[in-house]
Structures are given as C-alpha cells and as structure tokens.
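In our numbering, the protein residues as written are 22 to 89.
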C-alpha cells in the first residue's frame, strides 16, 4: 500500500491482486464505528487499485483504513 500527497488530496494505491478490500473512515480513533466510504470509489489505474481522498482537515481529521 502506498500513499501520495497531492494538492487535491491523498492518493492511496494497493496491488490489483488485493481485490475485495473496502475503504472505511471515522473521525475519532477511540470512539465510534468505522463506516464504509461510498465515494470516491477505488478505480484501477496503472494496474493498481487507486482512490484519492480530499485534503485532510487538521482541526477535524478523518481516519481511513482498508478492510477485507
């Protein structure tokens, strides 16, 4: 898995062979439930899964994970 910072957001990529993962998010690592991210959906780019998420907000961060 790799993460690249762009002016438009953060791009997360992972191998095409690792199909079936779902991206989830939440705003508090200690409390609350993880929710599936409906948008943006991962796309195949250059032989890898890729998704770009918005630029993080330092005052109200969102945490992401991939689960299978």
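Even for Gly, the Cβ is constructed at its ideal location relative to N, Cα and C.
Among the residues of its own chain, which have a CB less than 8 Å from the CB of residue i, if the five just before and after it don't count?
i, result
"residue 22", "33, 34, 35, 87"
So, under 8 Å CB-CB, residue i and residue j are touching, yes? Tell me the CB distance rounded to an integer number of Å.
i, j, result
"residue 72", "residue 61", "6 Å"
"residue 55", "residue 45", "4 Å"
Start and end of the beta strand (DSSP E) containing residue i?
i, result
"residue 44", "43-47"
"residue 25", "23-27"
"residue 30", "30-36"
"residue 76", "Segment: none, residue 76 is in no beta strand (DSSP E) and carries neither H nor E."
"residue 52", "Counting along the chain, residue 52 falls outside any beta strand (DSSP E), and DSSP gives it neither H nor E."
"residue 66", "64-66"
"residue 58", "Careful: residue 58 lies outside any beta strand (DSSP E) and carries neither H nor E."
Quick check on the burial criterion: 16 or more other C-beta atoms within 10 angstroms. Buried or exposed for residue i?
i, result
"residue 63", "buried"
Using a Cβ-Cβ cut-off of 8 Å, state whether residue i counts as contacting chain B.
i, result
"residue 73", "As a matter of chain content, chain B is missing from the structure shown, which is built from one protein chain."
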